[in-house]
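Heads up: the sequence shown is residues 0 to 323, going by numbering that gives the first Met the number 0.
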Amino acid sequence: MADYTTFSIIVPVYNGAETLDCCLSALVAQAYSPELYEIIVVDDGSTDDSVRIAQRYPVRLIKLARNQGRIVARNTGVAAARFETLVFNDARVIAEPNLLAKLARQGYQPILPNVVAYQGERWGFERFFHLLRWKMHGAFYQAEADAEDYYLTDDNFEQRPKGTTLFVVDRTLWQRCQPAASDKMTNDDTRILRAIVRHKPILRAGHITVVYHQRRQPGQVFKHIFERGPRFADYYLQRGGRYHRLYLAIWGMLGLTGLITVFRPKLALRSGVIMLLMTDLAAALYLKRSWSDVIVVGLGLPLIGLAFGLGILKWQFSRLVNLG
């Protein structure tokens, strides 16, 4: 019989000094018997103060020589874990004091908690990503702490919000559902969750809440979205993926634009600028919940779109190189 009362908390971190202190403080201060859980911090080749911060806490610290990505970092922690119930807790996630107590009372896994990533900001990237999630998931996306419980299954998987910023799962099930590749461009969350729900439904526990600290600085956001681009493409843009046909259509449009550029470069430039401006405005109107959101989306989308597009180009170039 599975033991739902002992936990190995695995915190993969790469240059996460900004939030790691708060993250570990919350985990160490859990209202739960210290003998029943452990905290494993896997430093994925950080160059900031992440290691120094982790060393201040009663955790098991594993240092990787170089940055290898979240799949490798997490599975390094899995291999070292003493207990069979794993709690993956990203460095930007702050757990509530009763997280482990609630998980033990729930007596079920796998579990996704209610991740609160929006605190009501009216401006900035927090608002942008809140609007995007709201439009993507509609009624199933609830930023409040009183969200309802439901099960994520193979049938509703594409419609429901999901992620692994904090995820609770049995070690055997986790290891059974790992992707064949483990490099930094392999999808490290959606692909794994999809495999898991084909074995067992994931409980999205709305009454269990954690706070996710969004990146706020443009440079941080650009880097994060650029790195997410290849991982998004690895799952959604592959043949058979949800957006594979749209991806092919975009390449067709780019090819046509390139052809026009050869013969009518000025026309192509003017048309391209107008198209980008119209796309930005259309997206702002589509995502808005108030008129101030038009400014939020209009200003944020060019940066995010550029980072995401470059990330996807990196993935596509890598595929072409591998095919060659």
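For glycine and all other residues, C-beta sits at the position ideal for the given N, C-alpha and C. In this text, all values refer to a predicted model and were calculated from it rather than measured experimentally.
Ordered along the chain, which non-local residues of its own chain (more than five positions away) have a Cβ less than 8 Å from that of Arg-64?
In the sequence on display, residue 64 carries Ala and not Arg. Gly-44, listed in sequence order.
With distances taken between CB atoms, is the gap from Trp-314 to Met-135 smaller than 7 Å?
Taking 7 Å as the Cβ cut-off, Trp-314 and Met-135 do not qualify as a contacting pair.
When burial is assigned at 16 or more other CB atoms within 10 Å of the CB, is Trp-290 buried or exposed?
Classification for Trp-290: exposed.
Let me check understanding here. Comparing Cα to Cα, which of Gly-304, Ala-30, Gly-15, Val-115 lies closest to Ala-204?
It is Val-115 whose Cα lies nearest to the Cα of Ala-204.
State buried or exposed for Pro-264, treating a residue as buried only when at least 16 other CB atoms are found within 10 Å of its CB.
Exposed, since its Cβ has fewer than 16 Cβ neighbours within 10 Å.
Quick one: any contact between the region 293-300 and the region 269-283, if contact means 3 or more CB pairs under 8 Å?
Judged by Cβ distances under 8 Å, the region 293-300 makes contact with the region 269-283, as three or more pairs qualify.
List the residues that DSSP assigns as beta-bridge partners of Ile-294.
Paired residues: none, contrary to the question.
Confirm, please, whether the CB-CB distance from Ala-25 to Ala-94 is below 7 Å.
Contact flag set, yes.
From which residue to which residue does the beta strand (DSSP E) around Ala-94 run?
From DSSP, the beta strand (DSSP E) with Ala-94 extends over 92-94.
What is the residue span of the beta strand (DSSP E) that Ser-7 lies within?
First-last of the beta strand (DSSP E) with Ser-7: 6-12.
Taking the alpha carbon of Arg-197 as the reference point, which residue from Tyr-3, Leu-98, Thr-46, Arg-175 has its own alpha carbon closest?
Answer by Cα proximity: Arg-175.
In whole angstroms, what is the alpha-carbon distance linking Val-261 and Arg-121?
Cα to Cα, the separation comes out at about 44 Å.
Would you kindly work out how many angstroms separate the C-alpha atoms of Val-58 and Phe-87, rounded to a whole number?
Going by the C-alpha atoms only, they are around 14 Å apart.
Do the region 160-177 and the region 71-89 touch if we need at least three Cβ pairs shorter than 8 Å?
A contact exists between the region 160-177 and the region 71-89.
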